[in-house]
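**Student:** Under this note's numbering, the first residue of the sequence shown carries the number 60, and numbering increases by one thereafter.
Don't be surprised by glycine CBs; every beta carbon is placed ideally from N, CA and C.
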Amino acid sequence: MLKKVKCLEMRNREEWFFLILLFLTLIAIAIIAGAIWYLQVVGITSITRFILTSLSVILSVILVIFALGFGSIVLILILERPISWLILPTHLAVEYLFPLAIFAARLFGYSKEDLLRSFIQISNRLVGIRGIRIKGEDLLVLLPHCIQKFDCKYKVTSDVENCRRCGQCAIDKLLDLKEKYGFHMAVATGGTLARKWVKEIKPKAIVAVACERDLASGIQDTYPLPVTGVINIRPEGPCINTSVDVDDMEKAILKFLERSD
Ligand code: SF4
Numbered sequence: 060m061l062k063k064v065k066c067l068e069m070r071n072r073e074e075w076f077f078l079i080l081l082f083l084t085l086i087a088i089a090i091i092a093g094a095i096w097y098l099q100v101v102g103i104t105s106i107t108r109f110i111l112t113s114l115s116v117i118l119s120v121i122l123v124i125f126a127l128g129f130g131s132i133v134l135i136l137i138l139e140r141p142i143s144w145l146i147l148p149t150h151l152a153v154e155y156l157f158p159l160a161i162f163a164a165r166l167f168g169y170s171k172e173d174l175l176r177s178f179i180q181i182s183n184r185l186v187g188i189r190g191i192r193i194k195g196e197d198l199l200v201l202l203p204h205c206i207q208k209f210d211c212k213y214k215v216t217s218d219v220e221n222c223r224r225c226g227q228c229a230i231d232k233l234l235d236l237k238e239k240y241g242f243h244m245a246v247a248t249g250g251t252l253a254r255k256w257v258k259e260i261k262p263k264a265i266v267a268v269a270c271e272r273d274l275a276s277g278i279q280d281t282y283p284l285p286v287t288g289v290i291n292i293r294p295e296g297p298c299i300n301t302s303v304d305v306d307d308m309e310k311a312i313l314k315f316l317e318r319s320d
């Protein structure tokens, strides 16, 4: 156990940023609940006392659920194994504390992008710990449209096989991986098309490439479907001629695939 905690300490510290902000958010909720409780004790009329008591009870219940969710995330990361009965509080904490954590990040002068990156890392680890193993045909690799060379005239959003493999964007190398491992691959111009591909292909897991913001919202939108997020490379700024590290993609894909040996 001690060894595992030590190993956890040594992991990328960026991951902890999200957890620390979730913890600070919990503390803030606890302070507000405590302040409301104190106000009701010194409440002037019985009506204000009743309203403040109800408010502090509601906040306390929310606090307990979120604390359980937060505790379960930390526990799963330390034990490095999934705990099925903690899935719901974990999801509730991530889903509902996340916007508050973004607010806290801004309050403490941190960038939203740093928090989103940290969230994606934690989410990827939680998905990895679930130990999901599937066949290539059950995996979907979802790419953003901006990964295609800006002036390429072939319409890969309707079918990625329309790519002529000229090598000017990462789609060429990703098609090599697709042929090697037999997964589905699709290009989406936005959330609506991404949802359409998911509905049509019905994958059991997704490896998605996008910027921090789109990945974080995509991971939350598709829950409980397991999604590993790979942050794109943006040499010319956002949304144009983006790319992805193909080795990172292969590692993310292989984490889901059943081994043939
Ligand atoms: S590899 Fe070439 S043909 Fe294929 S999508 Fe990229 S630019 Fe277009």
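Could you check where the beta strand (DSSP E) with V372 kicks off and where it finishes?
**Tutor:** Not covered by the structure: residue 372. The range shown for the chain is 60 to 320.
**Student:** Listed in chain order, which residues are found with a beta carbon closer than 7 Å to a heavy atom of the ligand SF4?
**Tutor:** Having a Cβ closer than 7 Å to some heavy atom of the ligand SF4 are Q207, K208, C211, Y213, V215, C222, R223, R224, C225, G226, Q227, C228, I230 and D231.
**Student:** If Q207 sits next to C225, beta carbons under 8 Å apart, how far is it from one beta carbon to the other, in whole angstroms?
**Tutor:** Between C225 and Q207 the Cβ distance is about 11 Å, and since that is not below 8 Å, they are no contact.
**Student:** Residue ranges of each beta strand (DSSP E) run of no fewer than 3 residues wholly in the stretch 114 to 153, ordered along the chain?
**Tutor:** none
**Student:** Hey, would you say V186 sits closer than 7 Å to P285, going by beta carbons?
**Tutor:** yes
**Student:** Output needed for K237: all residues of its chain with C-beta closer than 6 Å, excluding positions within five of it in sequence on either side, in chain order.
**Tutor:** M244
**Student:** If you drop the 5 nearest sequence neighbours on each side, which residues of the same chain put their C-beta closer than 7 Å to that of L299?
**Tutor:** Checking the sequence shown, residue 299 turns out to be Ile, not Leu. Excluding sequence neighbours, I299 sits near C205 and F209.
**Student:** For S276, collect the residues of the same chain with a Cβ closer than 8 Å to its Cβ; drop the 5 residues on either side in sequence, then sort them by chain order.
**Tutor:** G250
**Student:** Quick check on P294: does DSSP put it in helix, strand or coil?
**Tutor:** strand
**Student:** In whole angstroms, what is the alpha-carbon distance linking I95 and L138?
**Tutor:** Taking the straight line from one Cα to the other gives about 37 Å.
**Student:** I want to know whether the stretch 122 to 132 touches the stretch 149 to 156 - three or more CB-CB distances under 8 Å.
**Tutor:** yes
**Student:** Would you mind working out which of G241, L145, V289 and L199 sits nearest G130, comparing C-alpha positions?
**Tutor:** L145
**Student:** Just tell me which of V215, D280, G195 and T287 has its CA closest to the CA of R318.
**Tutor:** G195
**Student:** Would you please verify whether the beta carbon of L111 is less than 7 Å from any beta carbon of chain C?
**Tutor:** Annotation note: the requested chain C is absent from the structure, which comprises a single protein chain.
**Student:** Use the C-beta contact count for T107: other C-beta atoms within 10 angstroms, 16 or more gives buried, fewer gives exposed.
**Tutor:** exposed
**Student:** Specify the secondary structure class of V305 as computed by DSSP and reduced to three states.
**Tutor:** helix
**Student:** Is it buried or exposed for R272, if we count other Cβ within 10 angstroms and need 16 for buried?
**Tutor:** exposed
**Student:** Between V268 and V303, how many whole angstroms is the CB-CB distance? I'm expecting something under 8 Å.
**Tutor:** With a Cβ gap of about 5 Å, V268 and V303 count as contacting.
**Student:** Tell me whether V268 sits in a helix, a strand or coil according to DSSP, three-state version.
**Tutor:** strand
**Student:** Would you call the stretch 174 to 190 and the stretch 73 to 86 in contact, with 3 or more CB pairs under 8 Å?
**Tutor:** yes
**Student:** Buried or exposed, going by whether 16 or more other CB atoms sit within 10 Å of the CB of D197?
**Tutor:** buried
**Student:** In chain order, which continuous runs of the beta strand (DSSP E) of length 3 or greater are located wholly inside the stretch 153 to 208?
**Tutor:** Complete beta strand (DSSP E) runs here, min 3: 198 to 203.
**Student:** What residue from P297, A163, Y213 and R254 has the CA that sits closest to I79's CA?
**Tutor:** A163
**Student:** Our contact map puts L199 next to V257 with C-beta atoms below 8 Å; I'd like the distance itself, whole angstroms only.
**Tutor:** The C-beta distance from L199 to V257 rounds to 7 Å, short enough to meet the 8 Å contact threshold.
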